[in-house]
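Please read the structure below before turning to the comments.
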C-alpha cells in the first residue's frame, strides 16, 4: 500500500510539515463532511422543486388575479376568502408564498433549460477543441474569450430589444453567456485525459475520432462537468433574477423570483416582505447549489480520496 | 526466418518534433527524437530496443504503432508502407499490430469493466468478433492470460499490478495481431510478478506465432527475452545484433558502458 | 516539552547500534478500513554499516522509513506498537515535532524522485545552503560557500556556476546528487535512502550508489538503503532485511541471504530475476500476487504463494529465528527453513 501514498515532498530534511501530510489532513477533513454537504443541499433543492411543482397547483395560482382587499397584508393574515397567507400578500393581493413558488418554478425551469443548452454547446466545443487541438482549438477558444469579454446584461438588453421579452429569449441569452464555462472545463479535462495511457491505448487500437471522443474522453469529463453544472445552476438562477429585476427578463405577468423582488421594491417601507422573502428564498436556493457544487468537487477529486 | 519478407521493415526512420516560436507559431527548428533507424522484424521473432531515457526507444515504438508521425523514412508492415496506406488499409494494418503499455494503472480505462476494456477492440473493428460473442470471447482471453474469467465484470482498480498488465495483454490479443509492441511492459512490475508476465509473453509467442518488438531499459529482461537487439543512444542506433553477439561481445563503447552498469545480483561471484 | 525519561539502552553493549527498531507496528486508517502496514518490524543499524531493506510494493519498506523519520501521513498513519531506539531514546514515543528536530540534524533522508523533492522556484545553491543558515546560523555568504563545497563533493561539474541554476536545469542524476548534498550537509549520523536510484538510468544508478558508498566510508554514518531491486544494493550493503506484507521475513548478511536464502520468499525473488548465463531459460516466478494489506492471509502471510506451505503455515505466524545450520546473525521467519531450503 505504500505505493498508493502521495509522494513525500520535502525540500530539506529540516522539520517542516510535509505537503503530503497537509494534503492528507485536508483529505480527511474534506471526506468527513462530504456526504452531509451533498445530501443536505440535495434535500433543499428537492424541496424547492416539489414546492415549485405542487404549491401553485394547490393554491390555484393565477398570476392575473387581483384581490384589492387583500393587498399588502403582512405574513399570517387571514384573507377575504378565509385562507391564511402565512407569508403575506403582495401589492395586488396575491398570496406571496404561492407567488414565490410560481417564481421558483420559472427560475428552476430557466436554470435547467439554460444548463442543457449551454452544457451541450460548451461540452461539444470543449471536446472538439481539446481533442483536435491546433487551429480548431485556437479558433474555438478565441470565440470563447470574446464571449467572456461581452457582458451578459448588455446581450440581454440587446436581445430583449430585438426579439422582445420572453422566457425563450432569457434562456437564449443565459445559454450564450454560460456555455464558455462548460467549454473551458471540458477542454482542460480533455487535455489532461488525452495523454493518459488508456486514451493512447484506444488510439493504438485504431479507434477513430468519434469513438475516442464519445466513448473515452466524454465519460472522463462527466465528473467535472457535473460539478460545474451544479455551480452554474445557481449562477443562472441568480442571473435570471438579476435580468428580471432590471426589467429585461421575464415578461410582465410571469412571476419569477427576480420580478417579484423587483415588484416589491416600491413597497419596501410599507410591505417589506414582498421583496425580502423571495430574496431569502433565492439566496437559499443559490447557496444550496453552491454548497452542492463544492461538495461534488471534493467528492470527485481523486487527490482527496483516502489512502 | 530470413527467407521470407520481414513482417516489419523500418528504413531510415526519422522522428522530429517541430519547435515553434511562441508568438507566430512559426517553425523555427526541429527537436530530433530519432534519426536514421533501420531494422527488420520477422514473424515469430522478438526484437529488443534498449536504451536510457531520451534514447528515442519509446518514440520508435509509438511511431510504428501510429501514435506519432514519422518525419522521414518508411515503415513497412507485410510489405505495405504505413505512411502511404489509405485510411482503410491503415485500419486493417492497425489490427495486426497491437501495443502493451508500461503503466498497468494508467493504461486501462478506470471506468470500464475488464470485459469492456477487451471488447473495446471489437467495437473499434466491427466484424472481428460478433457482438453476441463478446463476453464469451473476453472471458476466453482472460483465461488465456491467466486471469479468472469470473472477474470479467470487475474494474481495473480491483486487480493487482501484475493482473492489470495481464488485462493489457488480453486487450492486445483481442484482434489476434501478428505483432505486439511492448513498451516497457514489465518495468513497472514487482520482480516476482515480472517473471510471471515474461513467461506469459513467451508462452503466447510460442502458441500464437506472435512477434514482439520489446522496448526496455532493463538489459537483463532484454537479454532474457529477445532474439535480436538494437542499442539506442540519443535517437541513434549505436549497435545491433543477436543477443549473443551483443551481450558476449559488445563493440560499441556505449553498449559496453551500459552492460557494465547493469547491477549484478551476486557481485561476489563475478571475476574481478 | 521536557526530555522524556527513557532508559539508555546503548550503555549495555560494546558497540551500540545507531538505530534499533523493535517490534514496530504501524497502522493506516483508510476509507476501506484499517490496514496494518508494519507488523512487528525489528532491525538495527550500526555506525558505518549499510543495511538494505528490500521488498516489493506494499511490503512496508518505505513506511518503515517514514515511521523512523516521523513522516507518516497524518492522521491516517500512526505507530501503534514497538520502539525506535536512537541515541538512548525511544523516538517512537516522542512527539513528532521533537523527532523532526532530531531528524533535521542527525538523521537525513533522500527520496526516489529528486525533482519533486526540490523546490522549483529556488536556486539549488540557496536550497543546499538552507540548513547551514537555519541550523548553524551562518550568514548567506558562508552558507553558500559551504553549499559550493558540498556540490563539488557530490560531483556536480562546474559547481561554481551551476550553484545559481534552478532544479529543472539539472539532469535526474544530478538532481539526486543535489539531494544527497542537502542530506549530508549537517553531517548526519544516519542516512536513509528510499529507492534513491529507481528513477534514474542504469549508468547513472551505479554512479549514485558509488557516491553513497564513498560518502559513508568518509563520514562513518549509518546507511539504510531501501529498494525493490536486489541487484542494486548487493555491492554496497553488508546486511539486508527482506520485507513481505509488513514483516521482516529474513535478515542477515546480504551475501548469506543471496547465497543461502532461509525463507522461500527471498529464494523465489532471487530465482525470478532473469540472470545472465541463463539466456533462453524459463524463469521460475513466485505464483500469485502480493497480498492486499486489508486482508493479509492468516498464519505466514506468504503461505498462499509458497510451494512448501503446510497446515502449520496457514495457522501460526512464524517468528524470526536462526534456522539450524545457518550462520549466526542470519534469521528467517519460516516454519520449514531446515526441511525445505
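Chains as they are written, first to last, in UniProt numbering: chain A, 1 to 307; chain B, 1 to 272; chain C, 1 to 341.
Beta carbons: idealized from backbone N, C-alpha and C, even for Gly.
Whether residue i touches residue j by CB criterion (8 Å)
i, j, result
"residue 67 of chain C", "residue 24 of chain C", "yes"
"residue 243 of chain C", "residue 54 of chain C", "yes"
"residue 219 of chain B", "residue 262 of chain B", "yes"
"residue 189 of chain A", "residue 219 of chain A", "no"
"residue 53 of chain B", "residue 215 of chain B", "no"
"residue 106 of chain B", "residue 141 of chain B", "no"
"residue 131 of chain B", "residue 146 of chain B", "no"
"residue 181 of chain C", "residue 150 of chain C", "yes"
"residue 71 of chain A", "residue 91 of chain A", "yes"
"residue 195 of chain C", "residue 227 of chain C", "yes"
"residue 277 of chain A", "residue 47 of chain A", "no"
"residue 239 of chain C", "residue 254 of chain C", "yes"
"residue 177 of chain A", "residue 155 of chain A", "yes"
"residue 254 of chain B", "residue 231 of chain B", "yes"
Own chain partners of residue i with C-beta closer than 6 Å, once the 5 adjacent residues on each side are dropped
i, result
"residue 113 of chain A", "171"
"residue 308 of chain A", "There is simply no residue 308 of chain A to check, as chain A begins at 1 and stops at 307 in what is shown."
"residue 111 of chain A", "233, 236, 237"
"residue 137 of chain A", "129"
"residue 293 of chain A", "227, 230, 231"
"residue 3 of chain A", "Unreliable positioning characterises residue 3 of chain A in this predicted model, as indicated by a pLDDT of 38, which lies under 50. A coordinate reading is not provided."
"residue 76 of chain A", "86"
"residue 106 of chain C", "188, 189"
"residue 69 of chain A", "80"
"residue 132 of chain C", "138, 143, 146"
Close beta carbons around residue i, own chain, < 7 Å, minus the five adjacent residues each side
i, result
"residue 58 of chain C", "290, 293"
"residue 155 of chain C", "177, 211"
"residue 139 of chain B", "149, 152"
"residue 268 of chain A", "275"
"residue 168 of chain B", "100, 101, 104, 107, 108"
"residue 26 of chain B", "20"
Neighbourhood of residue i by C-beta, 8 Å cutoff - its chain only, sequence neighbours within 5 removed
i, result
"residue 321 of chain C", "331, 332, 333"
"residue 102 of chain B", "183, 184, 185, 187, 188"
"residue 328 of chain C", "322"
"residue 64 of chain A", "253"
"residue 81 of chain B", "74, 75"
"residue 270 of chain C", "230, 258, 261"
"residue 120 of chain C", "166, 167, 168"
"residue 289 of chain A", "41, 45, 230, 231, 233, 234, 237"
Nearest-angstrom beta carbon gap, residue j and residue i [assumed within contact, 8 Å]
i, j, result
"residue 22 of chain C", "residue 80 of chain C", "That pair is no contact at about 14 Å."
"residue 60 of chain C", "residue 114 of chain C", "23 Å between Cβ atoms; not a contact."
"residue 203 of chain A", "residue 212 of chain A", "7 Å"
"residue 95 of chain C", "residue 192 of chain B", "Contact doesn't hold; Cβ gap of about 39 Å is too wide."
Selected residue, minimal CA-CA separation from residue i, among the options
i, options, result
"residue 163 of chain A", "A:248, A:77, A:183", "A:248"
"residue 53 of chain A", "A:82, A:79, A:106, A:64", "A:106"
"residue 308 of chain C", "C:336, C:104, C:285", "C:336"
"residue 153 of chain A", "A:288, A:232, A:236", "A:236"
"residue 100 of chain C", "C:72, C:236, C:139", "C:72"
"residue 259 of chain A", "A:270, A:269, A:279", "A:279"
"residue 28 of chain B", "B:201, B:17, B:34", "B:17"
"residue 173 of chain A", "A:55, A:210, A:115", "A:115"
"residue 250 of chain A", "A:291, A:285, A:169, A:295", "A:169"
"residue 158 of chain C", "C:191, C:311, C:174", "C:174"
"residue 51 of chain B", "B:118, B:256, B:264", "B:256"
"residue 104 of chain B", "A:197, A:33, A:298", "A:197"
"residue 238 of chain B", "B:245, B:227, B:251, B:61", "B:251"
Select from the stretch 49 to 76 of chain B all residues with a C-beta closer than 8 Å to any C-beta belonging to chain C, and list them in chain order.
For the stretch 49 to 76 of chain B, which is checked against every Cβ of chain C, the residues closer than 8 Å are 52, 53.
Short of 9 Å Cβ to Cβ, which residues in the stretch 90 to 113 of chain A face chain B?
Under the 9 Å Cβ criterion, the stretch 90 to 113 of chain A contributes no residue.
What residues in the stretch 174 to 204 of chain A have a beta carbon less than 9 Å from any beta carbon of chain B?
Taking 9 Å as the cut-off between beta carbons, the residues of the stretch 174 to 204 of chain A near chain B are 196, 197, 198, 199, 200, 201, 202, 203, 204, in sequence order.
What residues in the stretch 220 to 232 of chain A have a beta carbon less than 8 Å from any beta carbon of chain B?
If the cut-off is 8 Å between Cβ atoms, the stretch 220 to 232 of chain A has 220 near chain B.
Within 8 Å of chain C by C-beta, residues of the stretch 176 to 200 of chain B in sequence order
Correct list: 190, 191, 192, 193, 194, 195, 196, 198, 199.
Taking beta-carbon pairs under 7 Å, can you tell me which members of the stretch 249 to 261 of chain B lie near chain C?
Answer set for the stretch 249 to 261 of chain B: 257, 258, 261.
For the stretch 263 to 288 of chain A, which residues have a beta carbon sitting closer than 9 Å to at least one beta carbon of chain B?
So nothing in the stretch comes that close.
Compile a chain-ordered list of the residues in the stretch 243 to 268 of chain C whose CB is closer than 9 Å to at least one CB of chain B.
Under the 9 Å Cβ criterion, the stretch 243 to 268 of chain C contributes 255, 258, 259, 265, 268.
Taking Cβ-Cβ distances below 9 Å as the criterion, which residues of the stretch 25 to 38 of chain C are in contact with chain B?
Flagged: no residues at all.
Within 8 Å of chain B by C-beta, residues of the stretch 114 to 141 of chain A in sequence order:
Cβ contacts with chain B come from no residue of the stretch 114 to 141 of chain A.
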